[in-house]
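Report on the structure given below.
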Amino acid sequence: MMMPVSADNVLNNNGIEEEILRSTDGDEDGWYDDRDGQTVRVKPTTLLFTSALKSVAKSHEIATRFSGGKSKKNRRRETIASYHGRLARKIVILAEQAEVEQDDGFIAALMLCSAASGDSSTARAIYLASKVRRLDHLRTCGGKVHLKRLQGLVPEEERQALLDHGDSTTSLTSGSGGSVPSLRTIEEEFVENHKSYERREYGTDTRVLSTLLLAHSKAMEPQGLGSIWAGKYNRGYLCENSLRWIEAYNQPQMSNMAIPGITSVEAGLTAEGWNHKDLA
Numbered sequence: 202m203m204m205p206v207s208a209d210n211v212l213n214n215n216g217i218e219e220e221i222l223r224s225t226d227g228d229e230d231g232w233y234d235d236r237d238g239q240t241v242r243v244k245p246t247t248l249l250f251t252s253a254l255k256s257v258a259k260s261h262e263i264a265t266r267f268s269g270g271k272s273k274k275n276r277r278r279e280t281i282a283s284y285h286g287r288l289a290r291k292i293v294i295l296a297e298q299a300e301v302e303q304d305d306g307f308i309a310a311l312m313l314c315s316a317a318s319g320d321s322s323t324a325r326a327i328y329l330a331s332k333v334r335r336l337d338h339l340r341t342c343g344g345k346v347h348l349k350r351l352q353g354l355v356p357e358e359e360r361q362a363l364l365d366h367g368d369s370t371t372s373l374t375s376g377s378g379g380s381v382p383s384l385r386t387i388e389e390e391f392v393e394n395h396k397s398y399e400r401r402e403y404g405t406d407t408r409v410l411s412t413l414l415l416a417h418s419k420a421m422e423p424q425g426l427g428s429i430w431a432g433k434y435n436r437g438y439l440c441e442n443s444l445r446w447i448e449a450y451n452q453p454q455m456s457n458m459a460i461p462g463i464t465s466v467e468a469g470l471t472a473e474g475w476n477h478k479d480l481a
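In the working numbering, the protein residues as written are 202 to 481.
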């Protein structure tokens, strides 16, 4: 879909005045000239965000192995995990705003980011959320005819009526308020045939399940990152508050046990017993 633009006249390298299109918001990102000379806006694709998530996971792996990513000193491992978590969360938000299709590759890349940080619970939540999100109908109450309509199946009586009156299919679906579902379109048949071809040609896609197993193995590693996500107030890898909470350092409140007037060496060598109530 084309966005509204405004035109500015500028001089190119040859000194010839030409017209450049700009967006109404003043942002020039995403506007390109195609081969026909028309300025169009190029939308991001799923592969772009998938590659970005894979880069975040790879960066976390490298930091864990070569930059002391497992060190508990000064909460270094928590700082690195929080940084990469905010990057992954930002990429997911941008993908939602761009309304790209979140296929198995995108889900596997997001689970890989969670697996790199040792958070297997978030990886399972991402997997289940992707399954629920792809369901067309979640309602399971009603009669058999109603459930068949929810599943996109046409009852036998209506199927025969549609086959006998094939020319009136459009009028039935549009004129009656869409109460009678239409038969499968050519596009739906093409998508189903293409999926079956991919399954025959490339086999079953196991990226999501293998990433889920990797997340569990990372969480159970000895001296690993799985202990970061333990705690009552922890909500996982993609929670902004949890990422800020694991990075914070709680200053211990130590009470002053020193005896006024003498040093700690003198207090330790003397045979006299001390009572804090007498010194108060």
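Think of the CB as a built atom: it goes at the ideal place given N, C-alpha and C, for glycine as much as any other residue.
Report the option in Gly-270, Gly-469, Leu-288, Ser-283 whose CA atom is closest to the CA atom of Ser-443. Ser-283
Between Pro-245 and the ligand PLP, is the CB less than 6 Å from at least one heavy atom? Absent from the structure shown: the ligand PLP. Ligands present: none.
With H, G and I counted as helix, E and B as strand and the rest as coil, what does DSSP make of Ala-431? coil
For Gly-286, name the three-state secondary structure that DSSP assigns. helix
Do the segment 424 to 431 and the segment 264 to 276 make contact, defined as three or more Cβ pairs closer than 8 Å? yes
Three CB pairs or more closer than 8 Å across the segment 318 to 328 and the segment 433 to 440: yes
Residue range of the alpha helix (DSSP H) that Leu-313 falls in? 305 to 317
Any C-beta of chain C under 7 Å from that of Ala-309: Absent here is chain C; the protein component of the structure consists of one chain.
contact_flag[the segment 390 to 405, the segment 290 to 305] where n(CB pairs < 8 Å) is 3 or more: no
Here's the rule: buried if 16 or more other CB atoms are within 10 angstroms of the residue's CB, otherwise exposed. What is Val-409? buried
Less than 8 Å between the CB atoms is what I'm expecting for Thr-247 and Phe-307, so what's the real figure, rounded? 6 Å
Look at the alpha carbon of Gly-286 and the alpha carbon of Ala-362, and state the distance between them as a whole number of angstroms. 55 Å
Are the beta-carbon atoms of Ala-289 and Val-257 separated by less than 7 Å? yes
7 Å Cβ cutoff met for Leu-313 and Thr-412: yes
Alpha carbon to alpha carbon, how far is Ala-324 from Leu-470? 58 Å
Under the rule that 16 or more other beta-carbon atoms within 10 Å means buried, what is Arg-278, buried or exposed? buried
Can the beta-carbon of Ala-253 be found less than 7 Å from the beta-carbon of Ile-294? no
Please state if the CB of Ala-330 and the CB of Lys-255 are separated by a distance shorter than 7 Å. no
Given Ser-260, which residues of its chain have a CB within under 7 Å of its CB, disregarding the five upstream and five downstream residues? His-285
Going by the CB atoms, is the gap between Glu-389 and Thr-280 shorter than 7 Å? no
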